[in-house]
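Numbered according to our numbering, the sequence shown spans residues 39 to 412. Below is one structure, written out as structure tokens, with a few remarks after it.
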Amino acid sequence: MIAITGSTIWNGNEDVLEGYTILIKDGKIERISKNITIPSNYQTIDGNGLTITPGLIDVHTHLGVSEEGVGKEGADFNETSSPTSPEVRAIDGINPREYGFEVARESGITTVQVMPGSANVIGGEMSVLKTTGSVIDEMVIRSTSGMKAATGENPKIFHGSKGKMPTTRMGVAATIRQKLFEAKYYSNNSNASFDLGLEQLAKVINKEIPLRVHAHRADDIVTVLRLKKEFDIDVTIEHCTEGHFIADYIATHDVMVSVGPTMSTRSKVELKDKNWKTIKTLTDAGISCSITTDHPVVGIEYLLTSAIHAIKNGLTEQQALKTITSNAAKHLGVDNRVGSLEAGKDADFLLWDGNPFDLQTSLLDVYIDGSKVS
39 MIAITGSTIW NGNEDVLEGY TILIKDGKIE RISKNITIPS NYQTIDGNGL TITPGLIDVH
99 THLGVSEEGV GKEGADFNET SSPTSPEVRA IDGINPREYG FEVARESGIT TVQVMPGSAN
159 VIGGEMSVLK TTGSVIDEMV IRSTSGMKAA TGENPKIFHG SKGKMPTTRM GVAATIRQKL
219 FEAKYYSNNS NASFDLGLEQ LAKVINKEIP LRVHAHRADD IVTVLRLKKE FDIDVTIEHC
279 TEGHFIADYI ATHDVMVSVG PTMSTRSKVE LKDKNWKTIK TLTDAGISCS ITTDHPVVGI
339 EYLLTSAIHA IKNGLTEQQA LKTITSNAAK HLGVDNRVGS LEAGKDADFL LWDGNPFDLQ
399 TSLLDVYIDG SKVS
């Protein structure tokens, strides 16, 4: 049980609370207030001069399934034997001992979504987990948080180069549409033969999970929104690189987006218009935005740096904090537990010796479920 007194709390909901005390009990936030009588059995930490924020969240990673510096042996994120693999689950390929988890913790990232890659049109299920632990099943806070799909260059080039469909953007959309129709039929036909891929894809049809779609180019984003309407499913736009071109249109479709990894190079045509102002434009249009590193495309340790760049290009500090805390938690469907500092939520929080968005500020301590992990 911990009491941190007299600190400045940035709670993730755009509130800045000066001189507040936070009580932690049994891995949860017990209370946040200015006037608290601290029980004698609580460890008291003097928070004067410190800033407390929620633990950071990266909504789109390949942490543990695409191991850094390992090569083919650590590449468990694309089941490229078929253009569609809805039957696979990222959780079955995550190595919790991968060094990236330690880097994430040391960088203040306490929650991540781990997903399959984007070589396939439909890539499989993804999971949300904490970044501490040695057994994935004990780290998970949402075991099935979405179904991965991908549009554009990646599936077109990877499978098209083998002479397989899809070789065009038309083929990509048709492949998604075909599988969704199959899943719709499967979910409405009690006599259908069991199919693991369709069983998992039926969760999208039944709105149990969203289809999370890799889409960089504006026309690909519109294709995703067209499929959302056609099948009445929930989707998120992952990357949304050219979203600034059609922000008002996206805003009419009730979707959340992740933006990034903007710190990457322009390694392909789809990225030629990537821009640090994209997230400002989308936010101004009323769209709930999160920032991602797409680790290991950009190292997960640069999540906060990416938010700083967003501030330099128009976001306020509190808006930027939301993109890697409360907005991110909503994006993942885990905002009942993490993403903001509120009574009853998991005690995932960070102690800083100054403004978190000043690169000279030190991250002093990282807590997950009330325990210091870094």
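A virtual CB, placed ideally from N, CA and C, is assigned to each residue, including glycine.
Whole-Å CB distance - residue i paired with residue j, under 8 Å assumed
i: residue 121; j: residue 159; result: 5 Å
i: residue 164; j: residue 150; result: About 10 Å separates the two Cβ atoms, so there is no contact after all.
i: residue 161; j: residue 116; result: 7 Å
i: residue 260; j: residue 274; result: Contact doesn't hold; Cβ gap of about 15 Å is too wide.
i: residue 124; j: residue 217; result: 7 Å
i: residue 182; j: residue 157; result: Not confirmed; about 21 Å, so no contact.
i: residue 334; j: residue 106; result: 5 Å
i: residue 44; j: residue 86; result: 4 Å
i: residue 92; j: residue 184; result: Not a contact, Cβ separation roughly 22 Å.
i: residue 338; j: residue 138; result: 6 Å
i: residue 352; j: residue 318; result: 4 Å
For residue i, the three-state DSSP class (helix, strand or coil)
i: residue 125; result: coil
i: residue 193; result: helix
i: residue 66; result: strand
i: residue 370; result: helix
i: residue 347; result: helix
i: residue 215; result: helix
i: residue 385; result: coil
i: residue 396; result: coil
i: residue 96; result: strand
i: residue 410; result: strand
i: residue 82; result: strand
Contacting residues, own chain, Cβ-Cβ under 6 Å from residue i (five flanking each side not counted)
i: residue 392; result: 399
i: residue 40; result: 62, 81
i: residue 254; result: 190, 277, 279, 308
i: residue 316; result: 281, 282, 297
i: residue 303; result: none
i: residue 178; result: 165, 167
i: residue 245; result: 272
i: residue 56; result: 46
i: residue 291; result: 263
i: residue 376; result: 149, 367, 384, 386
Own chain residues within Cβ distance below 8 Å of residue i, not counting five before or after
i: residue 324; result: 289
i: residue 342; result: 94, 145, 146, 362, 394, 395
i: residue 301; result: 331, 336, 340, 343, 344, 347
i: residue 310; result: 304
i: residue 326; result: 294, 295, 365, 368, 369
Contacting residues, own chain, Cβ-Cβ under 7 Å from residue i (five flanking each side not counted)
i: residue 67; result: 60, 379, 380, 381, 382, 383, 385
i: residue 206; result: 194
i: residue 220; result: 236
i: residue 180; result: 165, 166, 370, 371, 372
i: residue 74; result: 59, 61
Rounded separation between residue i and residue j - CA only
i: residue 84; j: residue 90; result: 12 Å
i: residue 409; j: residue 176; result: 15 Å
i: residue 99; j: residue 188; result: 14 Å
i: residue 389; j: residue 396; result: 14 Å
i: residue 322; j: residue 284; result: 12 Å
i: residue 171; j: residue 201; result: 43 Å
i: residue 111; j: residue 102; result: 12 Å
i: residue 312; j: residue 212; result: 27 Å
i: residue 387; j: residue 404; result: 6 Å
i: residue 299; j: residue 358; result: 15 Å
i: residue 173; j: residue 47; result: 32 Å
i: residue 264; j: residue 256; result: 12 Å
i: residue 78; j: residue 169; result: 31 Å
i: residue 328; j: residue 52; result: 15 Å
i: residue 129; j: residue 349; result: 34 Å
i: residue 320; j: residue 356; result: 16 Å
i: residue 215; j: residue 127; result: 21 Å
i: residue 287; j: residue 72; result: 43 Å
i: residue 240; j: residue 314; result: 36 Å
i: residue 412; j: residue 64; result: 19 Å
i: residue 204; j: residue 197; result: 6 Å
i: residue 104; j: residue 114; result: 6 Å
i: residue 401; j: residue 142; result: 12 Å
Note down, one range per segment and in chain order, each beta strand (DSSP E) of at least 3 residues found wholly within the region 273-341. 273-277, 294-297, 327-329
Quick one: complete beta strand (DSSP E) runs, 3+ long, within the region 40-64? 40-48, 54-63
Threshold first: 4 residues or longer. Then list the alpha helix (DSSP H) segments lying entirely within the region 148-187, N to C. 174-177
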